[in-house]
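One structure is given below, encoded as structure tokens.
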Amino acid sequence: MLSHSRPCIVSESLNPKDRAAASDKDAQISTLQSAAAGVRSLQQQLPDKEKTLAGKEADLASREQKLSDATKQVAASQIKSGLQVVGGDVQPGTYITSGPDGTNSVGCYYAWKTGTGSDASIKDNNIVKGTATVTLANGEVFESTSCTAWTKIG
Numbered sequence: 036m037l038s039h040s041r042p043c044i045v046s047e048s049l050n051p052k053d054r055a056a057a058s059d060k061d062a063q064i065s066t067l068q069s070a071a072a073g074v075r076s077l078q079q080q081l082p083d084k085e086k087t088l089a090g091k092e093a094d095l096a097s098r099e100q101k102l103s104d105a106t107k108q109v110a111a112s113q114i115k116s117g118l119q120v121v122g123g124d125v126q127p128g129t130y131i132t133s134g135p136d137g138t139n140s141v142g143c144y145y146a147w148k149t150g151t152g153s154d155a156s157i158k159d160n161n162i163v164k165g166t167a168t169v170t171l172a173n174g175e176v177f178e179s180t181s182c183t184a185w186t187k188i189g
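Numbering (my numbering) for the sequence shown: 36 to 189.
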């Protein structure tokens with residue numbers, strides 16, 4: 036760290052070439068001293084900047100946790116394709132779908148079944164090309180295929 040100030044070494048006794056070199060050296064010293072002062076200033080600001088950053092990191096972690104919780108809540112309130120046992124896999128309630136997901140040209144198929152095995156019978160079923168709403172009660176077995184996610188609305 037350069038902390039002393041050096042008197043100008045340009046003198047009348049130097050030849051023009053040496054005088055120019057000395058002047059260049061004085062300019063370099065001045066530039067380095069200025070840069071060192073800038074570094075010291077930045078070093079003094081560093082603790083406050085680190086404290087601000089730590090606060091922002093904590094805020095971000097909190098927001099990420101809230102987003103994760105909200106994402107889990109949304110996922111828990113949706114039914115995707117497949118076989119679901121109401122009260123186990125999904126919550127009882129009223130669900131809505133916007134209709135087919137485009138994977139089947141016939142449309143969105145859903146059914147209530149007597150069980151989860153391959154020998155289960157269909158109690159009721161439907162194929163829709165648009166919005167559909169179902170109400171699911173505890174213990175029912177519900178199957179959905181080629182539908183957009185069913186979202187719980189009640």
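Built from N, CA and C at the ideal position, the CB exists for glycine as well.
Residue environment: A105 is assigned as exposed (fewer than 16 neighbouring CB atoms within 10 Å of its CB, all protein chains considered).
S179 is bridged by DSSP to G117 and Y145.
Of the residues S116, G152 and T149, the one whose Cα lies closest to the Cα of T138 is S116. In the same chain as T166, and ignoring 5 residues on each side of it, the C-beta atoms closer than 8 Å to its own belong to I131, T132, S133 and G134, in chain order. Selection D159, T186 and G174 evaluated against T168 yields T186 as nearest (Cα-Cα).
In the DSSP assignment, A62 falls within the alpha helix (DSSP H) that extends over P51 to A111. Ranked by how close their Cα comes to the Cα of I162, the residues C143, R98, K84 and A70 have C143 in first place. Within the same chain, and ignoring the five residues on either side of N173 in sequence, the residues whose Cβ sits closer than 8 Å to its Cβ are V121, G122 and P127. In the structure shown, N161 falls within a strand segment according to DSSP collapsed to helix, strand and coil. For I131, the enclosing beta strand (DSSP E) covers residues G128 to T132.
Separation of the CB atoms of T87 and L118 is rounded to 52 Å, and the pair is thereby denied contact status at 8 Å.
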